[in-house]
Amino acid sequence: MKREVRFPNAEGVMLAGSLERPPGRVRAVALFAHCFTCTAQSHAARRVSLALAEQGIATLRFDFTGLGASEGAFADSHFSANVADLVAAADFLAGDIGAPDILIGHSLGGAAVIAAAEHIPAARAVVTIAAPFDPRHVLHLIKGADDLADEPREVSIGGRPFRIGREFLASVEGQDQANRLAHLKRALLVLHSATDATVGVENARAIFEAAKHPKSFVALDGADHLLTDPAQASYAAQLIAAWVQPFLGAAMPVGEVPEGHVRVSSTEAKFVQIVESAGHSFLADEPLRMGGSDLGPTPYDLLLAALGTCTAMTLRLVAANEGIPLDGVAVTLHHRRHHADDCAAAAGGRPQIEVLERVVTLQGALTNAQRARMLVIADKCPVHRTLAGDPRIETRLAE
134 MKREVRFPNA EGVMLAGSLE RPPGRVRAVA LFAHCFTCTA QSHAARRVSL
184 ALAEQGIATL RFDFTGLGAS EGAFADSHFS ANVADLVAAA DFLAGDIGAP
234 DILIGHSLGG AAVIAAAEHI PAARAVVTIA APFDPRHVLH LIKGADDLAD
284 EPREVSIGGR PFRIGREFLA SVEGQDQANR LAHLKRALLV LHSATDATVG
334 VENARAIFEA AKHPKSFVAL DGADHLLTDP AQASYAAQLI AAWVQPFLGA
384 AMPVGEVPEG HVRVSSTEAK FVQIVESAGH SFLADEPLRM GGSDLGPTPY
434 DLLLAALGTC TAMTLRLVAA NEGIPLDGVA VTLHHRRHHA DDCAAAAGGR
484 PQIEVLERVV TLQGALTNAQ RARMLVIADK CPVHRTLAGD PRIETRLAE
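Structure, rendered in structure tokens:
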């Protein structure tokens, strides 16, 4: 679920970005820094942010000063200004959804998050994607950088015209990234492709060796510098989501749902619902053939799951109490209707007949008598008795 946001940087310039929020519970918050002269709409920024949201990580991607939808002039933008913009974005997140737990930077944005980390105390992990070790690496991309005057002038970067001045050059000089990495005091994940033709993989090695543990390096085999392949961007996001888990605390707090209660909340998607119980959250949806997004089980799937889990729990409990050698249980369920019986029932003014098929597989050296006992117990599980007991459903509107 994307929300467009705007916030001021330290100079009062309004920056624009997109906050990708998971449809379910937020596990963590990430701040993404795009590559040099790119925008928040770059392949890497957009695809990684979307994929992280699917993994439960809310991610803000925004345009640096003078780029994309942000205000200001690119001539006023430089490496130190980008770092300050990241700090401003982190402050915005702290007052909105929560301070960022993860700082993610692509290319020069990776160098920027390393520099910004010391100013964002809430961040517990830093991730670089195809990042240069030294910000000066970007100078080889600038045609005409050698003869820049004090006043900003137009140069060619990647075949596109940009106005930059000596302040830009001064900003990338003297950035002691090795010292920053040595004192990062955060978990570090370095993602890089050995075939990156823009920023060589030797940069990843330098970043990794300068940092102290905990640190990890993962090769993005076959990826290009801009992560133009959606599968590579999704893979990177999955790696980040899995790797960062040990360094995160509990999921972000939401309105408490008491034990024994369930809350279902709609989303902007057609059928997607957020299901919350005490300390747990997941999605419910409809399959693609029904017009849904297939992001979770259907309502009838959940009904069958309730009966199946209760059946398995009850069988294991009774077997343990009675000394029955039950090693495991598998319960397969299906919801169907007897059409002919439904027709006869309708003709007689009776309700339609709902059939929940339940097939129980018992694992272990059980005797025939013990297997028969387990079959009897299956029909006595609490959810079975609730469904079979003609429960009354009382509905009212909330105040």
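For the sequence shown, this note's numbering gives the first residue as 134, with consecutive numbering after it.
C-beta atoms are modelled at their ideal positions from N, C-alpha and C, and glycine is treated no differently.
- The distance from the Cβ of Ile262 to that of Gly238 is about 7 Å, consistent with a contact at the 8 Å cut-off.
- Leaving aside the five residues that flank His517 on each side, the residues in its chain whose CB is nearer than 8 Å to its CB run, in chain order, Leu440, Cys443, Thr444, Ala511.
- At the C-beta level, Phe195 and Ala149 come within 9 Å of one another.
- Leu530 and Ala202 have their C-alpha atoms roughly 43 Å apart.
- Annotated three-state conformation of Phe197 is coil, per DSSP.
- Annotated three-state conformation of Phe207 is helix, per DSSP.
- When DSSP states are grouped into helix, strand and coil, Gly243 belongs to the helix group.
- Of all C-beta pairs linking the region 177 to 184 to the region 212 to 227, fewer than three are shorter than 8 Å, placing the two stretches out of contact.
- Secondary structure within the region 479 to 519: the alpha helix (DSSP H) runs of 4 or more consecutive residues, fully enclosed, are 501 to 511 (chain order).
- Ala320 is positioned such that its CB atom lies no closer than 9 Å to that of Gly242.
- For Gly393, there is no enclosing alpha helix (DSSP H), as DSSP gives it neither H nor E.
- Comparing alpha carbon positions, the residue from Gly425, Gly393, Lys513, Asn501 closest to Val451 is Lys513.
- DSSP places Ala227 inside the alpha helix (DSSP H), whose first and last residues are 212 to 228.
- The distance from the Cβ of Arg313 to that of Ala248 is about 6 Å, consistent with a contact at the 8 Å cut-off.
- In the structure shown, the three-state DSSP call for His358 is coil.
- About 11 Å separates the beta carbon of Ala244 from that of Leu219, a gap too long to meet the 8 Å contact definition.
- For Ala250, same chain residues with a beta-carbon under 7 Å away, outside a window of 5 residues either side, are Leu236, Ala256, Val259, Leu317, Arg319 in chain order.
- Membership of Glu335 in the alpha helix (DSSP H) is indicated by the continuous run 335 to 343.
- Residue state for Glu251 is assigned as helix, using DSSP reduced to three classes.
- The C-alpha of Val351 is placed about 36 Å away from the C-alpha of Glu204.
- For Val408, the enclosing beta strand (DSSP E) starts and ends at 406 to 410.
- Boundaries cannot be given for Leu459, as no alpha helix (DSSP H) includes it and DSSP labels it neither H nor E.
- Annotation: Thr431 to Thr400 spans about 15 Å, alpha carbon to alpha carbon.
- For Gly150, the pairing in a beta bridge is given by DSSP as Val138, Phe195.
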